[in-house]
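To keep things clear, I will list the structure first and then write my remarks on it.
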Amino acid sequence: MKRYRIGLIHHFSVPNAYKVDGLRASLGGFGIDRISPHITLVPPANLYLKDVGDEIYRLRKIAAETAPYEFEVGPAGTFYPVSPVLYLSVGGTGLAEMASLQARLVSSELYKPNTRPYVPHVTLMDPADSADIAAALKIIKSVLFSQSVDSFEMMISHAQAYWELYSDFRFESPRRVHQAGMSLEVFTHSSGDLAIYKMVAEHGISPSLFWPCDDVRFRCGGQEHTVVSIYNQGQLVACGSANHHSAVGLLRAVVVQKDLRRLGIGSLVVRELLYRLELAHVEASYVVAPVILESFFQNCGSRPANAYGWLIDHANGMTLNSWSFSRR
């Protein structure tokens, strides 16, 4: 049976990650080439394909019930002699909130229960010899930086010992919408997740449209990513993705479960993406679509631009021809 090797973490902002990697490099380079600096909330565990939908929804609900918090990193600490690990300790005002979040995350039967008290930390060396541990404890004696978090992240290992960030779970309540007799929950995040990838693949659509990567149709780097997922009674029923750069947005994909089409859910996905792009100061968004979808996008508040695309406009009167990148 197909399974994923996952871990739940807090990752660091780029400046703080550089600080941790600088320390790791000075101490021998532990993990630099295979895993980014992080705080483990749930250690590596197996998530089977049959459990993906329920678990992703559970994690989104936990995140929605959590408030942002801040913590401090440093000074150095160790688990020696129980375990030869050198780490940066984690403390500050948000420590209780982190412990509460961790307890809720591991409450699922999918994860092994805690056998030891949870000690949040940032690993610097594993294993470390006693001399390196003693030296580091003498040198790293103060708080190095603070970090605010408004989400936790899932990492996945595709090859032994190598991990990559896969999806984010924001500390943000879902928007509730009543549509076609259903009470829908609308979640927003920065990348797709295992439930989304599973659903879109079953509909013959490439999961890459939901990856947090630059879309080549923009012909520029540094794009921001937005993904919307919509649930009905804990089941994923629709999702969509968009990228934006500066004041221009691009809708990449809208997917609705086959048995729920023509109920206005696809339009809800588009409107939610446009709303999120507007919050990011996007002035106009572009979408490439076949002619057969013209009426769908017109009903979402768009107008034709040419035979193959439409500009979804934010009431500023701009047309597609205002954006040279869209004609390339």
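Numbers 250 to 577, taken from my numbering, label the letters of the sequence shown in order.
All residues carry an ideal CB built from backbone N, CA and C; glycine is no exception.
Identify, in the order they occur along the chain, each residue of the same chain with its Cβ nearer than 7 Å to the Cβ of P264, setting aside the five sequence neighbours on each side.
-> Here the question's residue 264 lines up with position 15 in the sequence shown. If the five residues before and after P264 are omitted, its C-beta is found closer than 7 Å to no C-beta atom of its own chain.
Enumerate, from N- to C-terminal direction, the unbroken beta strand (DSSP E) stretches of 3 or more residues contained entirely within the stretch 261 to 344.
-> If only uninterrupted beta strand (DSSP E) runs of at least 3 residues are considered, those enclosed by the stretch 261 to 344 are 287 to 297, 318 to 327, 335 to 340.
Determine the extent of the alpha helix (DSSP H) in which Y411 is found, giving its start and end residues.
-> The sequence position of residue 411 within the sequence shown is 162, counting from 1. Per DSSP, Y411 is not a residue of any alpha helix (DSSP H); the beta strand (DSSP E) it occupies stretches across 411 to 419.
Please go through the same chain and pick out, in chain order, the residues whose beta-carbon is closer than 7 Å to the beta-carbon of I258, but skip the five residues on each side of it.
-> Your numbering for residue 258 matches position 9 in the sequence shown. For I258, where only same-chain residues beyond five positions count, the Cβ hits under 7 Å are H287, I288, T289, L290, F401, E402, M404.
Residues near P268 in its chain [Cβ-Cβ closer than 7 Å; skip 5 each side] | Indexing the sequence shown from 1 puts residue 268 at position 19. Note on identity: in this sequence residue 268 is Lys, with Pro being the wrong assignment. Taken in chain order, the residues that qualify are L393, F394.
Classification of C462 by the beta-carbon crowding that lies within 10 angstroms, buried from 16 upward | Indexing the sequence shown from 1 puts residue 462 at position 213. It is exposed - the Cβ of C462 has fewer than 16 other Cβ atoms within 10 Å.
Beta strand (DSSP E) containing E434: first to last residue?
-> The residue you call residue 434 lines up with position 185 of the sequence shown. Looking at the DSSP string, the run of the beta strand (DSSP E) that includes E434 is 431 to 438.
A594 (DSSP reduced to helix, strand or coil) = Because residue 594 is not part of the residues shown, which for the chain are 250 to 577, the question remains open.
Measure the C-alpha to C-alpha separation of R273 and R419 and round it to an integer number of angstroms.
-> Here residue 273 refers to the residue found at position 24 of the sequence shown. Here residue 419 refers to the residue found at position 170 of the sequence shown. Roughly 28 Å between the two C-alpha positions.
CA nearest to the CA of E521, picked from V435, A444, Y297 | Within the sequence shown, numbered from 1, the residue matching residue 521 stands at position 272. That would be V435, whose Cα lies nearest to the Cα of E521.
Measure the CB-CB distance between L350 and T315 and report whether it falls below 7 Å.
-> Residue mapping note: residue 350 aligns to position 101 of the sequence shown, counting from 1. Residue mapping note: residue 315 aligns to position 66 of the sequence shown, counting from 1. Contact flag set, yes.
Can you tell me the Cα-Cα spacing of L528 and S490, whole angstroms?
-> Position 279 of the sequence shown, counted from the first residue, corresponds to residue 528. Position 241 of the sequence shown, counted from the first residue, corresponds to residue 490. Taking the CA atoms as reference points, L528 sits about 15 Å from S490.
For R365, the three-state DSSP class (helix, strand or coil) | By 1-based counting over the sequence shown, the position of residue 365 is 116. In the three-state scheme derived from DSSP, where H, G and I count as helix and E and B as strand, R365 is classed as coil.
Roughly how many whole angstroms lie between the Cα atoms of S432 and Y360?
-> The sequence position of residue 432 within the sequence shown is 183, counting from 1. The sequence position of residue 360 within the sequence shown is 111, counting from 1. For S432 and Y360, the distance between alpha carbons rounds to 30 Å.
Distance between N295 and I255 (C-alpha atoms, nearest Å) = Against the sequence shown, residue 255 aligns to sequence position 6. Against the sequence shown, residue 295 aligns to sequence position 46. Pairing I255 with N295, the inter-Cα distance amounts to about 6 Å.
Is G471 buried or exposed, if buried means 16 or more other CB atoms sit within 10 Å of its CB?
-> Here residue 471 is taken as the residue at index 222 of the sequence shown, counted from 1. It is exposed - the Cβ of G471 has fewer than 16 other Cβ atoms within 10 Å.
Measure the alpha-carbon distance for V504 versus G430 and round it to whole angstroms.
-> For the purposes of this step, residue 504 is identified with residue 255 of the sequence shown, where counting begins at 1. For the purposes of this step, residue 430 is identified with residue 181 of the sequence shown, where counting begins at 1. In this structure, the straight-line span from the alpha carbon of V504 to that of G430 is close to 20 Å.
Touching or not, the stretch 474 to 494 and the stretch 505 to 515, by the rule of three or more beta carbon pairs under 8 Å?
-> Result yes; three or more Cβ-Cβ pairs closer than 8 Å.
So who's on the other strand from F467, going by DSSP bridges?
-> Counting from one through the sequence shown, the residue named residue 467 turns up at place 218. Answer is none; F467 lacks a bridge partner.
For G515, name the three-state secondary structure that DSSP assigns.
-> Translated into the one-based positions of the sequence shown, residue 515 becomes position 266. Assignment of G515 by DSSP, reduced to helix, strand and coil, places it in the helix class.
If we count the other Cβ atoms within 10 Å of its Cβ and call it buried at 16 or more, is S440 buried or exposed?
-> Here the question's residue 440 lines up with position 191 in the sequence shown. Flag for S440 reads buried.
Output the distance between the C-alpha atoms of R552 and V536, rounded to the nearest integer angstrom.
-> Taking the sequence shown and counting its residues from 1, the one referred to as residue 552 is at position 303. Taking the sequence shown and counting its residues from 1, the one referred to as residue 536 is at position 287. Note on R552: pLDDT 49, under 50, position unreliable in the model; the coordinate value appears next. Distance between R552 and V536, taken at the CA atoms: about 11 Å.
What do you get for H438, buried or exposed, if any count of 16 or more other CB atoms within 10 angstroms of its CB means buried?
-> The sequence position of residue 438 within the sequence shown is 189, counting from 1. H438 counts as buried, since no fewer than 16 other beta carbons sit within 10 angstroms of its beta carbon.
Using DSSP bridges, identify the partner residues of G256.
-> Taking the first residue of the sequence shown as 1, we reach residue 256 at position 7. Bridge partners of G256: M404.
Is it buried or exposed for H370, if we count other Cβ within 10 angstroms and need 16 for buried?
-> The sequence position of residue 370 within the sequence shown is 121, counting from 1. Buried is the call here.
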